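Numbers in the numbering used here are just positions in the sequence shown, counted from 1, shifted up by 603. In this text, a Cβ means the ideal position worked out from N, Cα and C, and glycines have one as well. Owing to the predicted nature of the structure, the values given are computational and were not obtained by experimental measurement. This report concerns only the one structure given below.
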Amino acid sequence: MRFGESAPAGLLGIGVDLVEIERFRRLGSSSPFFSRVFGPEELDYCMNCRDPYPHFAAMFAAKEAVVKALSQTVQVPVWRVRIDHGSNGEPEAHVARLDDVTIHVSMTHSSIHGAAIAVATRGPAAMQGHRMVDTMIDELRTALAREVIQ
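Structure below.
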């Protein structure tokens, strides 16, 4: 998402991504794609889930959302984005050599899609970015729930 002069101070960008879980399932877990895009900890996290493919889809969506959120500041390949999980299970996005940037990320999945939202901030906008992600992911979860019902 691009902002002109109307962007809040410190807001670098917002990224959203939605991917089909079936695309990951069709690849199969032995596909080299997984080791090219996901780091060892990310692979372990997903493969230790009962059904790893929704988690791969949501994590990939999170990586893509981070790339999009940073696209006006720096070009980052998707494999350089690392998604960890904090002590409460919340996703945390990290990009090497971008220590002055805070990336807020949230992921979700339905039975069909994995989705994520990322907000990149610098300086005092960091707390505002966290609230924006919470609001946006709530709206995305509502939309995905409607998709499954229809």
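Bridge-paired residues (DSSP) for residue i
i      : result
Val710 : Just to set this straight, residue 710 is Met in the shown sequence, not Val. Paired residue(s): Ala719.
Ala696 : Ile686
Thr724 : Leu614 and Thr705
Glu623 : His716
Rounded straight-line distance, which links the Cα of residue j to that of residue i
i      : j      : result
Arg700 : Val708 : 18 Å
Val679 : Val670 : 6 Å
His712 : Gly726 : 30 Å
His770 : Gly613 : Lying outside 604 to 753, the shown extent of the chain, residue 770 is not represented and no answer is given.
Thr724 : Phe659 : 25 Å
Arg628 : Ala718 : 16 Å
Cys649 : Tyr656 : 7 Å
Reduced DSSP secondary structure (H/G/I, E/B, other) of residue i
i      : result
Gly618 : strand
Val704 : coil
Thr738 : helix
Beta-carbon contacts of residue i that lie in its chain and below 8 Å, excluding the five residues immediately before and after
i      : result
Phe636 : Leu630
Residues near residue i in its chain [Cβ-Cβ closer than 7 Å; skip 5 each side]
i      : result
Val622 : Ala660, Phe663, Ala664, His716 and Gly717
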